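Asks: Here it is: the structure, laid out below.
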Amino acid sequence: MKRLTFFIIGLILFSNLCFAQQFPQLIPKKDTKEFKRSAPVVVNGDRVEYLHAKKQIIGTGNVEISYGDVTLTCEKITVFTEKKIGICEGNVKITQPLGIFEGERIEYDFAKKTGKVIDGNVASYPFYGHAAKIEKESEKKVVFDGGYVTTCDLDEPHYRVQAKQVRLYLDDKVVAEHVLFFVGKIPVFYIPYYMQPIRDIKTKMSLIPGYESNWGYYVLGAYRFYRNEMFKGYLRLDYRQNKGLAEGIDYSYDAKELGKGLARAYYAHEGDDLAMNKGTRRDDRWRLEYKHSADLTDDTKLMVELNKVSDRDMVRDFFYNEYAEGNEATNYVSIINRQPNFSFEVLTKLRMNSFYTVAQKLPEIKLDVYSQKLGDTQFYYENNISLTSFNKRYDEYLNLKGENAGRFDTYNKLSYAAKVLKSVFVTPYVATRQTYYSRNQWSATNLWREIYEYGVDLSTKFYRVFNIEAEGVGIKGLRHIINPTVGFFSRHQPTISPINLYQFDDIDALEKANRIPLSIENKLQTKRKSGDDYASVDILRFIVSSDFLFRSKKGGLWSKGDSKFTDVLFDLEIRPYDWIYAQSKVNLNTKEYSLNTATTDLVIKIEDKLKFALSHIYQHSDLGTSSEITLDSRYNFSKEWGVRMYQRFDPYLQKWQEQEYTLYKDMHCWLGEVTCNMKDSGFSFWITMRLKAFPDMPIGLRRSISRPTPGAEEL
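Going by this note's numbering, the final residue of the sequence shown carries number 722, and the count climbs one at a time with no gaps.
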């Protein structure tokens, strides 16, 4: 088969370039740039004819054309060389970086990267589309007339979004009006406006049916709206058999220089007639939340967080995963300026819910000067200043009177950094804290408290290298590092005892202290391949620390006999490989020789096959002892099927606190999940269908060791 290759436009370019050289003043700069950008159209085919008089190229049989980053294949093509337009017929395929176009007949402008496709298909990940007529109006805009788009790449997609006209902006978004959503060949629902950003991985619409003992049967629904970064979020509509109808909105925005934020509102009609369980009927319940952050300057940041709920159980009853995290919602406005040597903050902390105890700051002005070197000496200076107007309000059910006081606090520390015996770092220091109180809890006014501190910190480091080579287990030499530290700290009795002060924060609780902090860190390192070189990695880290407390004699530092060790802390981290990690933290009570707290975590992740996390928490106090083992694991049997288990077990009570099981099914373009959950409050189950291209959902029901499902956290 004879193969011909023609390079066209060469003569045209040559003549234009000659013209430009002869009369440079007649050629505008933009035209010169365009000529420089021009490239020849290369035509390959079984038979290629160049009609010089008509300035056309006609190619037939296995035609392939290259022009810049565009490649075209078809059975027949006619190229108009002056206009750089090609008319393609028969199995036409155009490939360019942002997408692939296919059809029986395509008219394509190589220069403008525009064209018309008859009975065509478009693939621009993650979207695929088909229409009787497709027009590429610009390099990145494609219009479907009477067609559809989908994220399913099958010839007969599992679902599709169909409209009279669909606009696809390559590598950006899909926009359509008056949309019908089809599952198979069945229209399921109608949407007046549809816009799906390609980079937004959040699903457009979610509908989760299920059952929960307190809720009864329920359906949780959310629709994502997105006009631009300034206008996006979710509309929520939920129904719970025992609690009735509820609706809400999550609104997220990014105003660039003005900042970004999130506003949420949720309203539950628990008292309406749609609630089937009349015995649990309550007044309507609601929740409001607002967050905003903005960079006022390069080094100044504004942060706002406001939360208000109708009652103390609102979050527990409707957003259990957030409640289980135990994070109490805060309300504050903060402006903070950070510089290399200091930070300055104005903070207002509010109580917006009467059933919480909050030490309000109305406001607090704080300046923190970081430890910095004084000139060319080895002396370092650190300073903290704060001025606060406190207004403490207690939970209304405690029926306690509020507390008000103003406080001015300044802390000054001077230290000296020295090195002795070549490897021992010694840092002696002295410090003073002066605090003014407008009043104490006995109504005395205008009080000054003085505190003086002094001490010294010592540390050193030893290491030894072992020439151990075991490439099979990733060991290339071992280095053992020992880092012991010891110190001395003394704080004299404050001039005002803490029992005479309102307790707003830790500053008010300071009292006399003498201690010797002790710590020793052991670290084991090896070298592993990192690119073309080797890098040091920690495979083990173990720290033991404690404070030795003593009471000094008057006028001296000798102990009076009341010396003791505080709790001994053990901190162990093991990471032999990237796919396995273990950590254990233990607090040992030296008085009773028993454990106060102990936490252990083991995490294993083997590619996409296995994810395993095991956690144990033990706590002992005067109020009692508790212990809990938590398992969170997922195993994929194949590319299509997987299972997940979340379990909480109490060894003391010999009782399961919670069990949750999920079965996953990869359904080509969908991810199907069936979940059942069992805990003390009852049984629940739900079904979830998620698009693989846009997997994040706004409704978080799944439990995990650390936090709720990611789709429930932020917009």
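Every residue gets a Cβ at the ideal spot worked out from N, C-alpha and C, and that includes glycine.
As the structure is a prediction and not an experimental result, all values here were calculated from the model.
Would you please state the rounded distance, in angstroms, between the beta carbons of L275 and G251? I believe it to be under 8 Å.
Replies: Counted from its first residue, the sequence shown places residue 275 at position 268. Counted from its first residue, the sequence shown places residue 251 at position 244. Here the sequence assigns Ala to residue 275, which means Leu is not the residue at that position. Right, the Cβ-Cβ distance comes to about 7 Å (below 8 Å), so this counts as a contact.
Asks: Please determine, among K192, D687, V149, the residue with the shortest C-alpha to C-alpha distance to D162.
Replies: The sequence position of residue 162 within the sequence shown is 155, counting from 1. Comparing Cα positions, the closest option is K192.
Asks: Measuring alpha carbon to alpha carbon, tell me which residue in I546, D279, Y233 is nearest Y260.
Replies: Here residue 260 refers to the residue found at position 253 when the sequence shown is read from its first residue. Measuring from the Cα of Y260, the nearest candidate turns out to be Y233.
Asks: Can you pull the DSSP bridge partners for T502?
Replies: For the purposes of this step, residue 502 is taken as the residue at position 495 of the sequence shown. T502 pairs with nothing; no bridge assigned.
Asks: Among residues of its own chain, excluding the 5 on either side of L617, which ones have a beta-carbon nearer than 8 Å to its beta-carbon?
Replies: One-based indexing of the sequence shown puts residue 617 at position 610. Cβ neighbours of L617 beyond the five flanking positions: I611, S640, R641, Y642, N643.
Asks: List in chain order: all unbroken beta strand (DSSP E) runs of 3+ residues lying wholly within the stretch 469-530.
Replies: You should have 469-477, 482-498.
Asks: Which residue from K140, I488, D513, A451 puts its Cα closest to that of F468?
Replies: For the purposes of this step, residue 468 is taken as residue 461 along the sequence shown, with counting starting at 1. Inspection of the sequence shows that residue 468 is occupied by Lys rather than by Phe. Of K140, I488, D513, A451, the residue nearest in Cα terms is I488.
Asks: Would the beta-carbon of D673 fall within 8 Å of that of E647?
Replies: The count along the sequence shown starts at 1 and reaches residue 673 at position 666. The count along the sequence shown starts at 1 and reaches residue 647 at position 640. Yes, these two residues count as a Cβ contact at 8 Å.
Asks: Taking the alpha-carbon positions, what's the V86 to V55 distance?
Replies: The residue labelled residue 86 in the question sits at position 79 within the sequence shown. The residue labelled residue 55 in the question sits at position 48 within the sequence shown. Distance between the alpha carbons of V86 and V55: 11 Å.
Asks: How is the beta strand (DSSP E) around M685 delimited, first residue to last?
Replies: Your numbering for residue 685 matches position 678 in the sequence shown. Residues 677-686.
Asks: Judging by CA-CA distance, which residue of E114, Q666, W677 is the nearest neighbour of F701?
Replies: As a first step, residue 701 must be located in the sequence shown, where it is residue number 694. With distances taken between Cα atoms, F701 lies closest to W677.
Asks: Give me the Cα-Cα distance between L303 and E352, rounded to the nearest whole angstrom.
Replies: As a working note, residue 303 is residue 296 in the sequence shown. As a working note, residue 352 is residue 345 in the sequence shown. Taking the straight line joining both Cα atoms gives about 13 Å.
Asks: Is it buried or exposed for S645, if we count other Cβ within 10 angstroms and need 16 for buried?
Replies: Here the question's residue 645 lines up with position 638 in the sequence shown. Under this definition S645 is an exposed residue.
Asks: Within 10 angstroms of its Cβ, does G631 collect 16 or more other Cβ (buried), or is it exposed?
Replies: As a working note, residue 631 is residue 624 in the sequence shown. Classification for G631: exposed.
Asks: Using beta-carbon positions only, say whether E665 and R651 come within less than 8 Å of one another.
Replies: Indexing the sequence shown from 1 puts residue 665 at position 658. Indexing the sequence shown from 1 puts residue 651 at position 644. No, the Cβ-Cβ distance between E665 and R651 is not below 8 Å.
Asks: Output needed for K180: all residues of its chain with C-beta closer than 7 Å, excluding positions within five of it in sequence on either side, in chain order.
Replies: For this step, residue 180 is matched to residue 173 along the sequence shown. Result list for K180: M202, Q203, P204, I205, in chain order.
Asks: Let me check one thing: in DSSP terms, what residues is T85 bridge-paired to?
Replies: Along the sequence shown, read from residue 1 onward, the residue named residue 85 stands at position 78. BP columns for T85 point to I65, I94.
Asks: Which whole-angstrom value is the C-beta distance of R271 and D257, which I expect to be below 8 Å?
Replies: What you label residue 271 is simply residue 264 of the sequence shown in a count that begins at 1. What you label residue 257 is simply residue 250 of the sequence shown in a count that begins at 1. That belief holds up - the Cβ atoms of R271 and D257 are roughly 5 Å apart, short of 8 Å.
Asks: Where in the stretch 129-185 do unbroken runs of the beta strand (DSSP E), each at least 3 residues long, occur, reported from the N-terminal end onward?
Replies: List check, beta strand (DSSP E) in window: 134-143, 148-152, 155-157, 166-169, 172-176.
Asks: Report all residues from its chain with a CB closer than 6 Å to the CB of P491; omit the five preceding and five following residues, and keep chain order.
Replies: Taking the sequence shown and counting its residues from 1, one reaches residue 491 at position 484. For P491, where only same-chain residues beyond five positions count, the Cβ hits under 6 Å are I527.
Asks: Quick check on the burial criterion: 16 or more other C-beta atoms within 10 angstroms. Buried or exposed for K399?
Replies: Here residue 399 refers to the residue found at position 392 of the sequence shown. Flag for K399 reads buried.
Asks: Taking E647 as part of the alpha helix (DSSP H), name the residues at either end of that continuous run.
Replies: In the sequence shown, residue 647 corresponds to position 640, counting from 1. Where E647 is concerned, there is no enclosing alpha helix (DSSP H), given that its DSSP letter is neither H nor E.
Asks: Between K147, N338, R548, R498, which lies nearest to G462 when the distance is taken from Cα to Cα?
Replies: Along the sequence shown, one-based indexing puts residue 462 at 455. Of K147, N338, R548, R498, the residue nearest in Cα terms is R498.
Asks: Hey, how far is the Cα of Y155 from the Cα of K119?
Replies: If you number the sequence shown from 1, residue 155 lands on position 148. If you number the sequence shown from 1, residue 119 lands on position 112. Taking the straight line joining both Cα atoms gives about 25 Å.
Asks: In this structure, does DSSP put L630 in helix, strand or coil?
Replies: Translated into positions along the sequence shown, residue 630 becomes position 623. If DSSP states are grouped into helix, strand and coil, L630 belongs with coil.
Asks: Less than 8 Å separating the beta-carbons of S601 and H623?
Replies: As a working note, residue 601 is residue 594 in the sequence shown. As a working note, residue 623 is residue 616 in the sequence shown. No, these two residues do not count as a Cβ contact at 8 Å.
Asks: Can you give me the C-alpha to C-alpha distance between Q346 and A282, rounded to a whole angstrom?
Replies: Position 339 of the sequence shown, counting from 1, holds the residue named residue 346. Position 275 of the sequence shown, counting from 1, holds the residue named residue 282. Looking at the two C-alpha atoms, the distance is approximately 56 Å.
Asks: Whole angstroms is fine: what's the gap from F555's alpha carbon to S591's?
Replies: Counting from 1 along the sequence shown, the entry for residue 555 is found at position 548. Counting from 1 along the sequence shown, the entry for residue 591 is found at position 584. Roughly 23 Å separates the two Cα atoms.
Asks: Just tell me which of I101, K209, E667, S422 has its CA closest to the CA of T78.
Replies: Numbered from its first residue, the sequence shown carries residue 78 at position 71. Of I101, K209, E667, S422, the residue nearest in Cα terms is I101.
Asks: Between P505 and A516, what straight-line distance do the alpha-carbon atoms span, to the nearest angstrom?
Replies: Reading the sequence shown from its first residue, position 498 is the one you call residue 505. Reading the sequence shown from its first residue, position 509 is the one you call residue 516. If I take the Cα positions, the gap works out to 5 Å.
Asks: Give me, in chain order, the residues of the same chain whose beta-carbon lies closer than 6 Å to that of V460; leave out the 5 immediate sequence neighbours on both sides.
Replies: For the purposes of this step, residue 460 is taken as the residue at position 453 of the sequence shown. Here residue 460 turns out to be Glu, not Val, going by the sequence shown. Once the five neighbours on either side are set aside, the close Cβ partners of E460 are A438, R498.
Asks: Is the beta carbon of E109 sitting closer than 8 Å to the one on G127?
Replies: Sequence index remark: in the sequence shown, residue 109 carries index 102 (1-based). Sequence index remark: in the sequence shown, residue 127 carries index 120 (1-based). In contact: E109 and G127 (Cβ atoms closer than 8 Å).
Asks: Might you give, ordered along the chain, the residues of its own chain that have their beta carbon closer than 6 Å to the beta carbon of E410, omitting 5 neighbours on each side?
Replies: On the sequence shown, position 403 is the one that residue 410 refers to. Excluding sequence neighbours, E410 sits near K399, Y509.
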